[in-house]
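Take the sequence shown: its letter number 482 is residue 953 in my numbering, and every next letter is one higher.
Virtual Cβ for every residue (Gly too), placed ideally from N, Cα, C.
Computed from a predicted model, the values in this text were never measured in an experiment.
Since the structure comes first, as structure tokens, the remarks are kept for the end.
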Amino acid sequence: MLWLVVALLAVRQMAVVLRQPPGERLTDLETWIGENGVLHVNGSLYDTDRFTGTPFAGLVLKPLTRTAEQSLGVAWTFGSLLLVAALGVVAARALPGPVGRRTALLAAPVAISLLMLSLPVRNAFHLGQVSILPVLLVLVGLFAVRGERGAGALIGVAAALQPTVLLFALLLWLTGRRRCALTAAAGFAASTALAWAAMPHDSWTYWVHHVAGAGLGDQADSLANQSLHGALLRLGLAGPLEIGLFLALAATVCVIGLRRAVRYARDGQLLLAVAVTGCVAVAVSPTAWQHQLLWVLLAVVGRVGRSASDRLVWPALVVLVTTLPGTMLLPNIGAVFPVRDNVLLIAALGAACAAPFLPRTSPYWQRPVPTAYARPVPARWSRVPLLPFWRRVLSRPNLLLELLLIRVVYSAYAHVRLAATAGRATAERHGRQIHSAEQWLHIDIEHRINHAVAGVGRLRDFFDYYYSTFHFVVPLAILAVLYVRRPADYRWARSTLGFATLLALVGFWLYPLAPPRLMPGLGFIDTVHGAQDFTKPDYGALTAVTNQYAAMPSLHFGWSLWCGVIIVLLAPKAWMKALGVLHPLLTVSAIVATANHWVLDAVGGAAVVALGFLLAYALAGPRRLWVPPEAPEGRTARVPAPAAAPEADGETVAGKP
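Have a look at this one:
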């Protein structure tokens, strides 16, 4: 099944590239070999700053200039897919041992899938870049070729294509493979000299005038340049101060990163040493464009964390950073812009200098501290099948990963919600259906309440503020309190909210609905957004940021109902429970008074929340945990640390339900 996923991803990748118009696909490749491409020009490769490769890369690509662009595009894309597949297979076979049978079976297809989904590979496919080749040459040289000279020659050619790869020669020298290091340096020198002899003017332009390509391509301070140099420029530094600081930081990163790489190589984790060295090369390069950042994904092989519950945090962070843009990972808040704009660089620096990777000699390498699970209460519905892997974890999840996942899920939700529209006519037709149904049920109270509230200034302002503010504040506050005070309940509550939100997306997609404020001829007053011009197909800037027809079900009411249920179930004080009941009542009043939802939208919101709780019950059983007979009544059983009492009294054994 995983290999089928690989095949589908490959087909999709080829279709995405080749379906683009000729002027938009393989743009760098077209820049090189197109009708007016750089390689057709009789002058210098670097006259227009469009060609960013080394002179050796230009020399290698020269024979392709007479190839038909259409046929070369297909061959180039298919060949790049083969390179990605070869890279994934070599990386999977290079995993540090001992490797279990299941890992050995799954490693190759998982690696290839992650590579195809990663931003560097997708960027390389779109641009027609050769940045996959240096990574593959290094891995083949270190893991697939026997003999020091052959390995060194491949690394030397890779360095001729991407100069900072020459750091691998230093890694080889420091790990005692000096013949291989010298061969790599000689291969780089020979390839560069060959290009210099064939294209002396271009070589002078690249190595001297543009300082090893630093002045080519996009502006060095653009977001595409994920190197220390680019980050310093984006922070506003320039001139000798910026150059001096960059050189000092680059030297520091080289020393720290290469020392760590040498340590991991001697520990038998050569693939991790390669990833760390590649991340150093990314950080210290004057320009590290997105298609050159594949080294960061290789850092996923490092093991971080002593406990089993923390073991997946580092791989998840690396995969998220290398597969999703920074705008999905972090919110649009000015304070986090420096992190969002440099997220790939931060990941590279973390892998090179900071991540506490475990050595193979650590007792936690193969056997991390098991996770403490609670024994679930038997389900009342014996016919409901509980998933055996869905067990109640007593400890709280990693905060950084949790915040990142919540942000990613919400961003994906926002994108799907924005795309889930079938047009104004359909949404208005559904609005008339809902209005007719409410008239038949005698619950069409929206118009009376809307006009009554709109006529009272303070009441209107209160409901407008409540509608705009408390929708996000209250659920986030509840999740934060549960995370700190009741971690086991936090996981359960977070899951129920996630299920309800996903079910709501289905409603937005299948039943686009115009809210009362966007129904022409019914006389509703939009107290939050102001008067709308119904003669236009959209409603101004608001249409670009949210789907105006995502009204059924109402997540405003659904989320508030979820908040009320959680507070009533878990709050220790009666007045807290009363506030929990009050919040959904005020919310349903606000959504009706502001003409943003129909009454039946609130019914739909309640339905998806109920289904969310039902799904959590079906998958994980009742919320309450198992209470041993000797524990005082009403208290939740707590499982001791596994090292202290593994099987003392018949309670839950860590790692086993």
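Give me the DSSP bridge partner(s) of residue i.
i: residue 778; result: 840
i: residue 828; result: 775
i: residue 888; result: BP columns for residue 888 are empty, so no partner.
i: residue 1139; result: In this structure the chain extends from 472 to 1128, so residue 1139 is not present and cannot be described.
CB residue i to CB residue j, shorter than 8 Å?
i: residue 673; j: residue 532; result: no
i: residue 604; j: residue 638; result: no
i: residue 934; j: residue 1065; result: yes
i: residue 662; j: residue 780; result: no
i: residue 953; j: residue 964; result: yes
i: residue 628; j: residue 608; result: yes
i: residue 747; j: residue 822; result: yes
i: residue 562; j: residue 625; result: no
i: residue 998; j: residue 1031; result: no
i: residue 703; j: residue 812; result: no
i: residue 592; j: residue 752; result: no
i: residue 587; j: residue 480; result: yes
i: residue 767; j: residue 722; result: no
i: residue 981; j: residue 1019; result: no
i: residue 795; j: residue 769; result: no
i: residue 670; j: residue 530; result: yes
i: residue 1038; j: residue 1050; result: yes
i: residue 808; j: residue 773; result: no
Which stretch, first to last residue, makes up the alpha helix (DSSP H) that contains residue i?
i: residue 1034; result: 1026-1041
i: residue 1080; result: 1070-1091
i: residue 594; result: 590-598
i: residue 979; result: 958-981
i: residue 640; result: 638-645
i: residue 792; result: 784-794
i: residue 474; result: 473-489
i: residue 735; result: 710-737
i: residue 603; result: 603-614
i: residue 1044; result: From DSSP, residue 1044 is part of no alpha helix (DSSP H); its letter is neither H nor E.
i: residue 799; result: 797-800
i: residue 671; result: 671-675
i: residue 817; result: 814-820
i: residue 925; result: 917-925
i: residue 755; result: 741-755
i: residue 678; result: Unbroken run through residue 678: none, as it is neither H nor E.
i: residue 901; result: 895-912
i: residue 767; result: 765-769
i: residue 620; result: 619-632
i: residue 700; result: 699-705
i: residue 530; result: 526-532
Buried or exposed: residue i, going by 16 or more other Cβ atoms within 10 Å of its Cβ?
i: residue 916; result: exposed
i: residue 580; result: buried
i: residue 486; result: exposed
i: residue 960; result: buried
i: residue 729; result: buried
i: residue 1008; result: Bear in mind that the predicted position of residue 1008 carries a pLDDT of just 45, short of 50, making it unreliable; the figure below should be weighed with that in mind. Classification of residue 1008: exposed, given that the 10 Å Cβ count is below 16.
i: residue 1102; result: Below a pLDDT of 50, predicted positions are generally treated as unreliable, and residue 1102, at 43, falls in that range; no measurement from the model is reported.
i: residue 478; result: exposed
i: residue 756; result: buried
i: residue 898; result: buried
i: residue 602; result: buried
i: residue 475; result: exposed
i: residue 712; result: exposed
i: residue 943; result: exposed
i: residue 992; result: exposed
i: residue 525; result: buried
i: residue 907; result: exposed
How about residue i: is its C-beta nearer than 8 Å to some C-beta of chain B?
i: residue 1075; result: Given the protein chain composition of this structure (a single chain), no chain B is represented.
Should residue i be counted as a contact of the ligand FMN given a C-beta to heavy atom distance under 7 Å?
i: residue 583; result: This structure does not include the ligand FMN; it has no bound ligands of any sort.
query = On the three-pair Cβ rule with 8 Å, is the stretch 1061-1074 touching the stretch 951-971?
reply = no
ask   = Just checking, does the stretch 750-763 make contact with the stretch 697-708 on the three C-beta pairs under 8 Å criterion?
value = yes
key: Cβ contact (3+ pairs, closer than 8 Å) linking the stretch 795-806 and the stretch 718-738   = Pairwise C-beta distances place the stretch 795-806 out of contact with the stretch 718-738, as fewer than three of them are shorter than 8 Å.
request  = For the stretch 1021-1033 and the stretch 1078-1091, state whether three or more C-beta atom pairs, one from each stretch, are separated by less than 8 Å.
outcome  = yes
inquiry  = Under 8 Å, with one C-beta from each stretch per pair, do the stretch 903-914 and the stretch 824-844 reach the 3-pair mark?
reply    = no
query = Hey, is the stretch 639-653 in contact with the stretch 680-687, meaning 3+ C-beta pairs nearer than 8 Å?
reply = no
Any 3 or more C-beta pairs closer than 8 Å across the stretch 1042-1050 and the stretch 921-936 = Too few Cβ pairs lie closer than 8 Å, so no.
key: At least three beta-carbon pairs within less than 8 Å, the stretch 713-732 to the stretch 773-791   = no
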